[in-house]
Amino acid sequence: MSNRTDAQAGIDAQIAKQGVADSISPTNQANETLQPILNGALMIDEFNDIMNTYAALGYTQKQGSSTIPLVISGLIGTGNEDLTPPDSPQPLTGGDYKGFEKITGFVEIEASGSLTISNSEIIVGQGGDYYSTHAWLDVSCNTNQNNIGFIFGIERGNQLIFSQRPTGMRGSNGQDRTNISGGGFLNGLESGDKISVWVASENTASITVYDCNLGINLRKKN
1 MSNRTDAQAG IDAQIAKQGV ADSISPTNQA NETLQPILNG ALMIDEFNDI MNTYAALGYT
61 QKQGSSTIPL VISGLIGTGN EDLTPPDSPQ PLTGGDYKGF EKITGFVEIE ASGSLTISNS
121 EIIVGQGGDY YSTHAWLDVS CNTNQNNIGF IFGIERGNQL IFSQRPTGMR GSNGQDRTNI
181 SGGGFLNGLE SGDKISVWVA SENTASITVY DCNLGINLRK KN
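Position one of the sequence shown corresponds to residue 1 (my numbering), numbered consecutively onward.
Put into structure tokens, the structure is as follows:
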């Protein structure tokens, strides 16, 4: 039963008792009518928080009158097409990142509610479960027959936690652009977490990002 239905039932019950001696007291009026109304108001507030907590970062090569793609230079090849993500957790510096490098050229597209964006990271203000509404990159690679992969990195305190399911593909050579897309859940995020995107390459290469858009939304508050 919804809070609205609960509240209406409580009101109807109170109306039915009108005129009956000692049937309407401050206690049962609070329990049967006012508390369901309050619960409904709280549910609406939480719904509004969820609907208005979102963020998107990425890159757009069209900047004013110029066309400037984002180039990630000198990725050291892992030598393995699987591009296995790092074990978690890892230290912020000096960890075994399995050839993955953080992308630092992304900028804010939009942010609302308790999510903010700074230094190519989405910063979590409200702990809870999140999901990626959209995640795509338009990229090319300067090395032919090369596999590239992308994962999330979550900075929490002095540690890094990595997603274990890379989104990858065989990169196109030269200026041949290819779209890479994915998505997923980001459960158990905590206030202060910083979400970033990391990339790895099977072979030593440079990756060109022409356009990119990564968005996350709040699904459930802690």
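Think of the CB as a built atom: it goes at the ideal place given N, C-alpha and C, for glycine as much as any other residue.
The Cβ-Cβ distance between GLY77 and GLU155 does not fall below 8 Å. Residue environment: VAL107 is assigned as exposed (fewer than 16 neighbouring CB atoms within 10 Å of its CB, all protein chains considered). When Cβ pairs closer than 8 Å are counted between the two stretches, the stretch 148-164 is seen not to touch the stretch 62-69, the count staying below three. Scanning its chain for C-beta atoms nearer than 7 Å, with the 5 sequence neighbours on each side dropped, one finds around ALA111 the residues ALA55, ILE117, in chain order. In this structure, the straight-line span from the alpha carbon of ASN52 to that of ASP193 is close to 19 Å. By the C-beta density criterion, PRO85 is buried, having at least 16 other C-beta atoms within 10 angstroms.
Under the three-state reduction of DSSP, ILE76 is assigned to coil, being neither helix nor strand.
Three or more pairs of CB atoms, one per stretch, sit closer than 8 Å, so the stretch 182-199 contacts the stretch 130-150.
Under DSSP, ARG156 shares a beta bridge with GLN159.
DSSP places PHE185 in the uninterrupted beta strand (DSSP E) bounded by 185-189.
A direct Cα-Cα distance of roughly 10 Å separates THR208 from THR178.
GLY153 has its alpha-carbon roughly 10 Å from the corresponding atom of GLN159.
Here GLU190 is near GLY127, since their CB atoms are less than 8 Å apart. Inclusion of ILE103 and ILE72 in the CB contact set at 8 Å is warranted, their separation being smaller than that value.
From the listed residues ASP96, MET169, VAL124, the smallest Cα separation to TRP136 is found for MET169. In the structure shown, ASP87 falls within a coil segment according to DSSP collapsed to helix, strand and coil.
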